[in-house]
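Only one structure is covered here, and it is reproduced in the block below.
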Amino acid sequence: MRQNGKAKKEEQEEEEGQEEEEQEQEQDGVSVHSPCKIPNSSFRKEKSELELELRLLEALEIYPPAKLRGIHRHFVLYGLTEYLRRSFNQPFSGDDVLKLLDRFYNLEMVKPDDEDTEILNQEEDFRLPQSYFVTEDS
1 MRQNGKAKKE EQEEEEGQEE EEQEQEQDGV SVHSPCKIPN SSFRKEKSEL
51 ELELRLLEAL EIYPPAKLRG IHRHFVLYGL TEYLRRSFNQ PFSGDDVLKL
101 LDRFYNLEMV KPDDEDTEIL NQEEDFRLPQ SYFVTEDS
């Protein structure tokens, strides 16, 4: 009987240990092994992950990811950080935003916006207007 009691007690402890492991693996309804797990960073934990991702996707409507590979990448990154800062009333760093973007995009594979580079590659001869050369003869 004692062995049966010990076996039951050990079995109960094992079940409790498994339940604790499952609870540790699921925090805020997201599995620890999920690719969408929030990275450790400076933004507050109380903001829900879903809300953060939705705000980021809203910001991407204004600041397209293709611009993150072009000549305007720093301005776009700043715009994204400002959008999130205003949405949550707290500061976000560029690294925070890049970590969030990394969940949705492989930024190394995003094609740069060629529109801007085409404009820069066009050469035009500069000429002063004729009105500049007109002298006043009195």
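Take the sequence shown: its letters are residues 1 to 138, numbered as in UniProt numbering.
All C-beta atoms, glycine included, are put in the ideal place defined by N, C-alpha and C.
Please read these numbers as outputs of a predicted model, since none were measured by experiment.
*Does the distance from the C-beta atom of Tyr63 to that of Leu80 stay below 7 Å?*
yes
*Would you kindly report the start and end of the unbroken alpha helix (DSSP H) that includes Lys99?*
Gly94 to Phe104
_Reduced DSSP category for Tyr63 - H, G, I as helix; E, B as strand; rest coil_ = coil
*asked:* Measuring straight from C-alpha to C-alpha, what distance separates Val134 and Ile71?
replied: 39 Å
*Take Arg85 and list the residues in its own chain whose beta-carbon comes closer than 7 Å to its own, dropping the five residues that flank it on each side.*
Pro91 and Phe92
_Please identify the residue among Gln12, Met109, Pro65 and Asn121 whose C-alpha is closest to the C-alpha of Val97._
Pro65
_Lys55, DSSP secondary structure in three states_ = Position check: residue 55 holds Arg in this sequence, whereas Lys was assumed. Residue state, collapsed to three classes: helix.
*Would you kindly work out how many angstroms separate the C-alpha atoms of Glu124 and Lys99, rounded to a whole number?*
41 Å
*Consult DSSP for Ser48 and reduce its assignment to one of helix, strand or coil.*
coil
_Range covered by the alpha helix (DSSP H) that runs through His72_ = No alpha helix (DSSP H) holds His72; DSSP gives it neither H nor E.
_Own chain, CB closer than 6 Å to Leu77, minus 5 neighbours either side, in chain order_ = Gly94
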